[in-house]
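Undergrad: Below are the structure tokens for one structure; questions will follow.
In the numbering used here, the protein residues as written are 300 to 596.
This is the structure:
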């Protein structure tokens, strides 16, 4: 920022854990956002990742951030909203940012969502990395004392926001990253997710982004995400090996977040690599994935 201090950013993909874990997947989603930001801004940002509600609660009370970004799924929306409200009482000038699939598609409904949740300053739809980093870039260019006010005055590419007067701001282009390897270092092999190999959470792997289908019931049925982009084979292999080397012995599952796993060219090679790793490390014992809509063989 203009005063030279790094921007303190907390990113969370929260789960309830009072009885059991509502979602046991490691926070790869916010890990991607963090790795993209760190590559782009380096030492100008200080990013901490969170999965557990109590950990984030304590961090906010001990040292509130300049920016808080939380994921938005049907299982985490309520608790994320409450965290934003709590933070707003502690530090009024923190920028609050949300991203994820539990968000309307059309602009009028998005505007209604934002007005119903004034605790959210920005929403980043579709791929979150670039839209989030655009907010960070404006925040770094602002003065610390007036950061929220100055950033909310602007229309920021890839984001939807309400300014301090309640006016909806957005730009039409939907931002997606096409060259995934080049622009986004692996959250696994860079060590960003190391603390989440805790014996409770299960690793989650992503090899492709996007879906070629137009299913009306699905958040990924939009034209904006119909192009499928994939990570390189070498990167996927390196991540599978890294995961197997770091996962605790009592964790047996691996999630694959691809929307049509088994249908896209390269998926068979990923399966062969997982099989090879299983023989060497005795992991994973179970794969949880969404399989393809065609190519049943």
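Even for Gly, the Cβ is constructed at its ideal location relative to N, Cα and C.
I'd like to confirm the pairing. Which residues does DSSP put opposite residue 586 in its beta bridges?
TA: 553, per the DSSP bridge assignment.
Undergrad: Give me the DSSP bridge partner(s) of residue 459.
TA: Its beta-bridge partners are 422 and 469.
Undergrad: Cα-Cα, which of 447, 470, 347 and 515 is closest to residue 410?
TA: Considering only alpha carbons, the answer is 470.
Undergrad: Relative to the C-alpha of residue 555, which candidate in 546, 476, 395 and 573 has its C-alpha closest?
TA: Cα-wise, what sits closest to residue 555 is 573.
Undergrad: From which residue to which residue does the beta strand (DSSP E) around residue 367 run?
TA: Run containing residue 367: 366-370, per the beta strand (DSSP E) assignment.
Undergrad: With a threshold of 16 other CB atoms inside 10 Å of the CB of residue 433, please say whether the residue is buried or exposed.
TA: With 16 or more other Cβ atoms within 10 Å, it is buried.
Undergrad: Residues in the same chain with beta-carbon distance under 6 angstroms from residue 484, minus the five sequence neighbours each way, listed in chain order, please.
TA: Cβ within range, chain order: 334 and 338.
Undergrad: Is it a yes or a no for the region 412-420 touching the region 461-468, going by three-plus beta-carbon pairs under 8 angstroms?
TA: At 8 angstroms Cβ cutoff, the stretches touch.
Undergrad: As an exercise, report each continuous beta strand (DSSP E) stretch of at least 3 residues that is fully enclosed by the region 390-417, in chain order.
TA: Here the runs fully enclosed are 394-398.
Undergrad: Starting from the Cα of residue 376, find the closest Cα among 545, 329, 401 and 435 and give me that residue.
TA: Ranking 545, 329, 401 and 435 by Cα distance to residue 376 puts 401 first.
Undergrad: Measuring straight from C-alpha to C-alpha, what distance separates residue 308 and residue 344?
TA: Their backbone Cα atoms lie some 7 angstroms apart in a straight line.
Undergrad: For residue 344, which of helix, strand or coil comes out of DSSP?
TA: Strand.
Undergrad: How is residue 312 classed by DSSP in three states: helix, strand or coil?
TA: Here residue 312 sits in strand by DSSP.
Undergrad: Look up residue 528 in the DSSP assignment and say whether it is helix, strand or coil.
TA: Correct three-state label for residue 528: strand.
Undergrad: In the DSSP assignment, the alpha helix (DSSP H) including residue 353 goes from what residue to what residue?
TA: Run containing residue 353: 352-361, per the alpha helix (DSSP H) assignment.
Undergrad: So, with DSSP's three-state summary, where would you put residue 515?
TA: Note: residue 515 maps to coil in three-state DSSP.
Undergrad: How about the region 489-496 and the region 511-522: do they share at least three Cβ pairs that are nearer than 8 angstroms?
TA: Flag = no, the region 489-496 and the region 511-522 do not touch.
Undergrad: Inspect the beta-carbon positions of residue 369 and residue 352 and report whether they are closer than 8 angstroms.
TA: Cβ atoms of residue 369 and residue 352: not closer than 8 angstroms.
Undergrad: Counting only the same chain and skipping the five closest in sequence on each side, list residues whose C-beta sits under 6 angstroms from that of residue 487.
TA: Once the five neighbours on either side are set aside, the close Cβ partners of residue 487 are 538 and 541.
Undergrad: Taking 8 angstroms as the cut-off, decide whether the C-beta atoms of residue 321 and residue 374 are in contact.
TA: In this structure, residue 374 lies closer than 8 angstroms to residue 321 by Cβ.
Undergrad: Please classify residue 547: does DSSP put it in a helix, a strand, or coil?
TA: Coil.
Undergrad: By the three-class DSSP mapping on this structure, what secondary structure does residue 501 have?
TA: Note: residue 501 maps to strand in three-state DSSP.
Undergrad: Please state the DSSP three-state secondary structure of residue 477.
TA: Residue 477 falls in the coil class under three-state DSSP.
Undergrad: On the three-state DSSP scale, how would you describe residue 508?
TA: Strand, per DSSP.
Undergrad: Could you give the C-beta distance for residue 378 and residue 524, rounded to a whole number, given that I count them as a contact under 8 angstroms?
TA: Contact flag wrong, Cβ pair sits at about 26 angstroms.
Undergrad: Considering only the beta carbon of each residue, do residue 283 and residue 364 sit closer than 8 angstroms?
TA: Shown here, the chain extends from 300 to 596; a query on residue 283 therefore has no answer.
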